[in-house]
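Participant:
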């Protein structure tokens, strides 16, 4: 049988753990509902063996080949803004490339309900925050 002192100590410990858990969850990065789009620039036309990573909320991606016609990745969901985006690809001449773009802390506005767009060129990438609305499309380059 537990004594009153043991009961009060246990209750105090549980309350402290609950408060610590609440305080910790406030520090976590919030998920923001936004879209990730990745596409090739028209100057590149095509690429192969493409691998990319966009933080813990989006599964690492791979596509055997892509053309400049459409986005080869469209992911629209609540996601944390990652510290960086990374990608590797091979150009038609057989040269392998890789690049990283800082994302978190570099966006000019909130990504909420907007598009984080990655444009892949022959030897580098560019990052844009895109807003699409009734008045058309606005974009801000962040990398």
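In my numbering, the protein residues as written are 86 to 228. Note that the Cβ used here is the ideal one computed from N, Cα and C, for glycine as well.
Can you look up residue 159 in the DSSP assignment and give me helix, strand or coil?
Facilitator: Along the chain shown, one-based indexing puts residue 159 at 74. Residue 159: strand per DSSP, three-state reduction.
Participant: Since residue 215 and residue 199 are thought to touch, with beta carbons under 8 Å apart, how far apart are those beta carbons, to the nearest angstrom?
Facilitator: Position 130 of the chain shown, counted from the first residue, corresponds to residue 215. Position 114 of the chain shown, counted from the first residue, corresponds to residue 199. Right, their Cβ atoms sit about 6 Å apart.
Participant: Let me know if residue 201 comes out buried or exposed under the rule of 16 or more other beta-carbons within 10 Å of its beta-carbon.
Facilitator: Within the chain shown, numbered from 1, the residue matching residue 201 stands at position 116. Result: buried.
Participant: Quick one: complete beta strand (DSSP E) runs, 3+ long, within the stretch 144 to 206?
Facilitator: Segments of the beta strand (DSSP E) lying fully in the stretch 144 to 206: 146 to 152, 158 to 164, 169 to 175, 181 to 187 and 200 to 205.
Participant: Could you tell me which of 114, 228 and 204 sits nearest to residue 142, measuring between CA atoms?
Facilitator: Working through the chain shown from its first residue, we reach residue 142 at position 57. Among 114, 228 and 204, the Cα nearest to that of residue 142 is on 114.
Participant: Would you mind stating whether residue 239 and residue 125 have Cβ atoms separated by less than 8 Å?
Facilitator: Lying before the first or after the last residue shown, residue 239 is absent from the chain, which here runs from 86 to 228.
Participant: Have a look at residue 159 and residue 119 and give me their C-alpha separation to the nearest angstrom.
Facilitator: Taking the first residue of the chain shown as position 1, residue 159 is located at position 74. Taking the first residue of the chain shown as position 1, residue 119 is located at position 34. Their backbone Cα atoms lie some 10 Å apart in a straight line.
Participant: Do residue 161 and residue 139 have their beta-carbon atoms positioned less than 8 Å apart in this structure?
Facilitator: Taking the first residue of the chain shown as 1, we reach residue 139 at position 54. Taking the first residue of the chain shown as 1, we reach residue 161 at position 76. No; because the gap between Cβ atoms is not below 8 Å, this pair is not in contact.
Participant: Roughly how many whole angstroms lie between the Cα atoms of residue 148 and residue 167?
Facilitator: To locate residue 148, count along the chain shown from 1; it is residue 63. To locate residue 167, count along the chain shown from 1; it is residue 82. Each residue's alpha carbon lies about 21 Å from the other.
Participant: Residue 220: buried (16+ other C-beta within 10 angstroms of its C-beta) or exposed?
Facilitator: Start at 1 with the first residue of the chain shown, and residue 220 comes out as number 135. It counts as exposed.
Participant: Let me make sure I understand the geometry here. Which of 127, 213, 157 and 218 has the alpha-carbon closest to that of residue 194?
Facilitator: Within the chain shown, the letter at position 109 stands for residue 194. Of the candidates 127, 213, 157 and 218, the one whose C-alpha sits nearest the C-alpha of residue 194 is 213.
Participant: In chain order, what residues of the same chain have a beta carbon less than 7 Å from the beta carbon of residue 208, not counting five sequence neighbours either side?
Facilitator: For this step, residue 208 is matched to residue 123 along the chain shown. Taken in chain order, the residues that qualify are 182.
Participant: Have a look at 127, 227 and 121 and flag the residue whose alpha-carbon is nearest the alpha-carbon of residue 163.
Facilitator: Position 78 of the chain shown, counted from the first residue, corresponds to residue 163. Checking every option, the nearest Cα to that of residue 163 belongs to 121.
Participant: In terms of DSSP beta bridges, what is residue 119 paired with?
Facilitator: Along the chain shown, one-based indexing puts residue 119 at 34. Per DSSP, 162.
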